[in-house]
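Student:
Residue numbers (this note's numbering): 84 to 331.
1. Once the 5 residues before and after residue 92 are set aside, which same chain residues still bring their CB inside 6 Å of it?
2. Just the Cα atoms here: how many angstroms apart are residue 202 and residue 285?
3. Identify the continuous alpha helix (DSSP H) that holds residue 289 and give its terminal residues.
4. Between the stretch 259-270 and the stretch 168-188, do at least 3 Cβ pairs fall closer than 8 Å?
5. Please say whether residue 210 and residue 142 have beta carbons closer to each other than 9 Å?
6. Residue 281 to residue 313, Cα distance in whole Å?
7. Roughly how many angstroms separate the alpha carbons of residue 144 and residue 207, rounded to a whole number?
8. Rounded to whole angstroms, how far is the Cβ of residue 254 from the Cβ of residue 326, which I believe are closer than 8 Å?
9. On the three-state DSSP scale, how would you describe residue 92?
10. For residue 236, tell me which candidate among 229, 228, 245 and 191 has the shortest Cα-Cα distance.
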């Protein structure tokens, strides 16, 4: 493959093409005043843990979701104390922020091109539990406070492409009845997930008056993240400062 002469070179080239790699090991944390934090209960934690499929591939620690579920069933209070402490102190463990990258070739695409490969990041199962809790709380707040535009259809429960198409068709029919023309402009943002700017996201959450503790823990979760691969006995790490790497 022209993208590299051996296994290590190939991965280095692919990572540099697919991720926003930075030489900075960490970024300044966004600071907000921290009000009282709603504690996590067993119901909320259990849903986050059980939402993971037991067959998912593990991250760097080798612990898959099935093991996490088993441990939680035996020592639930230990898990509850751990995750409440993480939210209380707005701290995501550094070892949870590193993901193994595996590249899958896209069918029918030229093998010599880096864009012909789709990266999948294998995260630690416990990290995904924390991510689920943060995500669920953010969605609950944003939906409850109508902070999401009513015309946004993607990544929302009980909404999808069908609803979007129905609204477009309804708009066209309404204008036809009034003998008016309809013009639709469609944009396709290439690499939208790869280019997501974390700083802008934090600022938008603050503008939406999201609880500061949620912004702080999200900031900790994203701060000093890295992706990489194993080359023999060594982990090769690349720090990233933007984007939403797709997980397993």
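We put the beta carbon where it would ideally sit given N, CA and C, even for glycine.
Tutor: Concretely, from the data shown:
1. Reading the chain shown from its first residue, position 9 is the one you call residue 92. Excluding positions up to five away in sequence, the list is empty.
2. Here residue 202 corresponds to residue number 119 of the chain shown, with the count starting at 1. Here residue 285 corresponds to residue number 202 of the chain shown, with the count starting at 1. Spanning the two alpha carbons is a distance of roughly 25 Å.
3. In the chain shown, counting from the first residue as 1, residue 289 sits at position 206. Note, residue 289: alpha helix (DSSP H), 281-290.
4. no
5. Taking the first residue of the chain shown as position 1, residue 142 is located at position 59. Taking the first residue of the chain shown as position 1, residue 210 is located at position 127. In contact: residue 142 and residue 210 (Cβ atoms closer than 9 Å).
6. Position 198 of the chain shown, counted from the first residue, corresponds to residue 281. Position 230 of the chain shown, counted from the first residue, corresponds to residue 313. Going from the Cα of residue 281 to the Cα of residue 313 covers about 27 Å.
7. Numbered from 1 along the chain shown, position 61 holds the residue referred to as residue 144. Numbered from 1 along the chain shown, position 124 holds the residue referred to as residue 207. If I take the Cα positions, the gap works out to 7 Å.
8. Here the question's residue 254 lines up with position 171 in the chain shown. Here the question's residue 326 lines up with position 243 in the chain shown. Rounded, the Cβ-Cβ distance is 33 Å, inconsistent with contact.
9. If you number the chain shown from 1, residue 92 lands on position 9. Helix, per DSSP.
10. Counting from one through the chain shown, the residue named residue 236 turns up at place 153. Of the candidates 229, 228, 245 and 191, the one whose C-alpha sits nearest the C-alpha of residue 236 is 245.
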